[in-house]
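As they're listed, the protein sequences go chains S and R.
Reminder that position 75 of the first sequence reads as 75 in the numbering used here, one-by-one numbering, no gaps.
Count along the second sequence starting at 1, add 1000, and that's the number in the numbering used here.
Heads up, the thing below is written out as structure tokens.
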Amino acid sequence: TQLLEQSPQFLSIQEGENLTVYCNSSSVFSSLQWYRQEPGEGPVLLVTVVTGGEVKKLKRLTFQFGDARKDSSLHITAAQPGDTGLYLCAGAGNQFYFGTGTSLTVIP
Amino acid sequence: GAVVSQHPSWVICKSGTSVKIECRSLDFQATTMFWYRQFPKQSLMLMATSNEGSKATYEQGVEKDKFLINHASLTLSTLTVTSAHPEDSSFYICSAASIGRNTGELFFGEGSRLTVL
């Protein structure tokens, strides 16, 4: 059973465009993380959100944790080719649950 | 951030041989380590959870006799793929949760690419 559903699964956009990735669940998490993974490497932690309604910004990336702590979104402004990768959300409860993943390709 | 190192980064072996992959937490003690398998452009599939000094907990459908996990210390866990076959070819990743650090954060190794001929 996949507790965390990400959408879209695949996304291909032009450089400079904006995009949003969603991470949804029916379960409540104590915290939620976003990771980016490049081919052949392990995932790298981008951010951890803990409080319902929390918004965190990391340069062109904006992360939001839903008020009920069941869902989250990642918004990228003016995407660049360097943003290309697999984005994973992960919820922490009794254990860690990973989202289904979003593969992003930014075309120069 | 915390550092987790995996070794080897890639390995090619013949069918029927066994391969060991190491996962080390370099600058913290890991109470729990996780092993994942990943197919191209897909999310991580949890294989097992490993706690120091105790037997690993395997996810449904993962053969414990084929994927041997040992967590001998707070800084080292190993995954041994026994009698490897071509269908075992995959990207294997470990992660670690640390004692005393923020809860809800995992630190990942660089991954190990296994190719079985």
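For each residue, glycine too, the CB sits at the ideal point set by N, CA and C.
Coil, strand or helix - residue i by DSSP
i	result
E1087/R	helix
G1061/R	coil
G42/S	coil
G16/S	coil
G91/S	strand
G99/S	strand
G1111/R	coil
G82/S	helix
Q9/S	coil
Residues of its chain near residue i, where Cβ-Cβ distance is below 6 angstroms and the 5 sequence neighbours each way are ignored
i	result
R1113/R	W1010 and F1091
Buried versus exposed, by CB contacts within 10 Å (16 or more), residue i
i	result
I1093/R	buried
F974/R	Residue 974/R lies beyond the stretch modelled for chain R, which goes from 1001 to 1117, so this question has no answer here.
Close beta carbons around residue i, own chain, < 7 angstroms, minus the five adjacent residues each side
i	result
A1030/R	L1074, T1075, A1096, A1097 and S1098
F10/S	S103
S30/S	A92 and G93
Check whether the stretch 1–14 of chain S touches the stretch 36–51 of chain S, counting contact only when three or more Cβ pairs, one atom from each stretch, lie closer than 8 angstroms. no
Touching by the beta-carbon criterion (3+ pairs, under 8 angstroms), the stretch 99–108 of chain S and the stretch 1014–1021 of chain R: no
Closer than 9 angstroms, Cβ to Cβ, to anything on chain S: give me those residues from the stretch 1039–1066 of chain R, in chain order. P1040, K1041, Q1042, S1043, L1044, M1045, L1046 and T1049
Got a sec: which bits of the stretch 19–35 of chain S sit with their beta carbon under 9 angstroms from any beta carbon on chain R, in order along the chain? F29, S30, S31, L32, Q33 and Y35
Answer yes if the stretch 59–71 of chain S comes into contact with the stretch 20–29 of chain S, meaning at least three C-beta pairs across the two stretches below 8 angstroms, and no otherwise. yes
How about the stretch 34–42 of chain S and the stretch 1023–1031 of chain R: do they share at least three Cβ pairs that are nearer than 8 angstroms? no
The stretch 1080–1093 of chain R: which residues have C-beta closer than 9 angstroms to a C-beta of chain S, in chain order? F1091 and I1093
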